[in-house]
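Since the structure comes first, as structure tokens, the remarks are kept for the end.
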Amino acid sequence: MVIAVAMFSIMDTAMKLLAVRYPAMQVTVLRAFSSMPLVCAFVAYRGGFRGIFNVNWPLQLLRGALGIGMLTLFAYGLKSLPLSETYAVFFIAPALITALSVFILKERVDGMQWLAIGVGLAGVLVVLRPEGTSFISVAGLAILGSAACYAVSAIASRILSRTDSNEQIMFWLLVMIGAGALPLAWPSWVPLRWDDWPVIATLAFSGFLGQLAITRAFSMGKASVVAPFEYTALAWGVAIDWALWSTLPDRWTLVGAAIIIGSGIYLVRREAVHSEAEHP
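Right, here's the structure in full:
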């Protein structure tokens, strides 16, 4: 999981660099299609192309649409927000997943979990404080919207995993994001610059390796043990912000991030307790 988070942080850095020069929807297309050759080679190696069309199409299409929204909103927010602040807001996603599981998956969420969700939302308000540049800004709201898309997609992925393989889920997500975003990006498409190809290659390899690592992490260990390591992204965000843009998060961003992370870790642990109680 630590390797996965490091790869995704590099991927996000590449997206941030590209978002300065290209529209957010075009960055989404580049994210999807740049990794496609690597994903196809991996799926072929695993023999995953047998029965590749035998999938749950409604949910696959839903995840494709959510993926377009998630990546485009994320790229738009990254254009003006530091990585560390972006991650701090995006960390609300686990709380949103827990809340949505009640209505979609009919899972049980107790009062303490609802309290933790509320605390996590309060942490977001601390990060997006009135005196901060991102409060009620389009960029801040874009990251919140991206987190919401991610949460719904995660719920859909839980359902999909009952019928579709990991190779099918990974392959069709990229295909649908690329095919769906390309017509939307084409009217404002900006020709690619030669000096951006190393960044695009970094985007491709880091995104692919991150996806492999996170899939492997959850297949090897319990979610309650593995998931909290996602929050190491904040350390990567701070380090990359300082190394590339000479910026550091202020104390309120760190306080808000700590609140959100604490809420998320509690929810993951609490869910593990409930799961063990229901399936001893």
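Just so you know, we're using UniProt numbering here: the sequence shown kicks off at 1 and counts up by one. Just so you know, even glycine gets a beta-carbon here, dropped at the ideal spot from N, CA and C. Quick caveat, the model's predicted, so the values are computed rather than measured.
- Secondary structure note for residue 198: its alpha helix (DSSP H) is the uninterrupted segment 197-220.
- Taking residue 192 as reference, the option from 11, 127, 34 and 153 with the minimal CA-CA separation is 34.
- Exposed is the label assigned to residue 222, since fewer than 16 other Cβ atoms lie within 10 Å of its Cβ.
- The C-beta separation of residue 122 from residue 259 comes to about 7 angstroms, placing the pair in contact by the 8 angstroms criterion.
- Three or more beta-carbon pairs drawn from the stretch 84-98 and the stretch 235-247 are found closer than 8 angstroms, and the two stretches are therefore classed as touching.
- Residue environment: residue 199 is assigned as buried (16 or more neighbouring CB atoms within 10 Å of its CB, all protein chains considered).
- Taken atom to atom, the span from the alpha-carbon of residue 263 to that of residue 194 is near 44 angstroms.
- Spatial neighbours of residue 171 in its own chain (CB-CB distance under 8 angstroms, excluding positions within 5 residues in sequence) are listed in chain order as 39, 40, 43, 48 and 52.
- With fewer than 16 other beta carbons inside 10 angstroms of its own, residue 103 counts as exposed.
- In this model, residue 226 and residue 217 are separated by some 7 angstroms (Cα to Cα).
- In this structure residue 14 does not touch residue 173 by the C-beta definition: roughly 19 angstroms separates them, more than the 8 angstroms allowed.
- Here residue 127 has 88, 89, 253 and 256 as same chain residues with Cβ atoms under 6 angstroms from its own Cβ, once five neighbours each way along the sequence are excluded.
- Residue 207 places its beta carbon 7 angstroms or farther from that of residue 29.
- With distances taken between CA atoms, residue 124 lies nearest to 96 out of 108, 96, 232 and 230.
- Selection 190, 23 and 68 evaluated against residue 147 yields 68 as nearest (Cα-Cα).
- For residue 57 and residue 71, the gap between their C-alpha atoms comes out near 21 angstroms.
- Out of 245, 228 and 164, the CA that lies nearest to the CA of residue 55 is found in 164.
- No Cβ-Cβ contact shorter than 7 angstroms links residue 243 with residue 25.
- Secondary structure note for residue 232: it is in no alpha helix (DSSP H), with a DSSP letter that is neither H nor E.
- About 6 angstroms separates the beta carbons of residue 79 and residue 20, which is inside the 8 angstroms limit, making them a contact pair.
- Uninterrupted alpha helix (DSSP H) stretches at least 4 residues long and entirely within the UniProt domain "EamA" (1-128) occur at 2-19, 24-45, 57-78, 83-90, 93-104 and 111-127, given in chain order.
- Residue 172: member of the alpha helix (DSSP H) spanning 166-185, first to last residue.
- Taking 7 angstroms as the cut-off, the beta carbon of residue 161 is found no closer than this to the beta carbon of residue 63.
- The beta carbon of residue 159 sits closer than 7 angstroms to those of 59, all from its chain and outside the five residues before and after it, given in chain order.
- The beta carbon of residue 210 sits closer than 7 angstroms to those of 4, 7, 8 and 11, all from its chain and outside the five residues before and after it, given in chain order.
- Residues of the same chain with a CB within less than 7 angstroms of the CB of residue 241, apart from the 5 flanking positions on each side, are 82, 83, 84, 247 and 248 in chain order.
- Its Cα nearest to that of residue 169, the residue 156 stands out among 156, 181 and 180.
- A direct Cα-Cα distance of roughly 25 angstroms separates residue 61 from residue 92.
- For the pair residue 76 and residue 142, the CB atoms are nearer than the 7 angstroms cut-off.
- Comparing alpha carbon positions, the residue from 111, 167 and 73 closest to residue 50 is 167.
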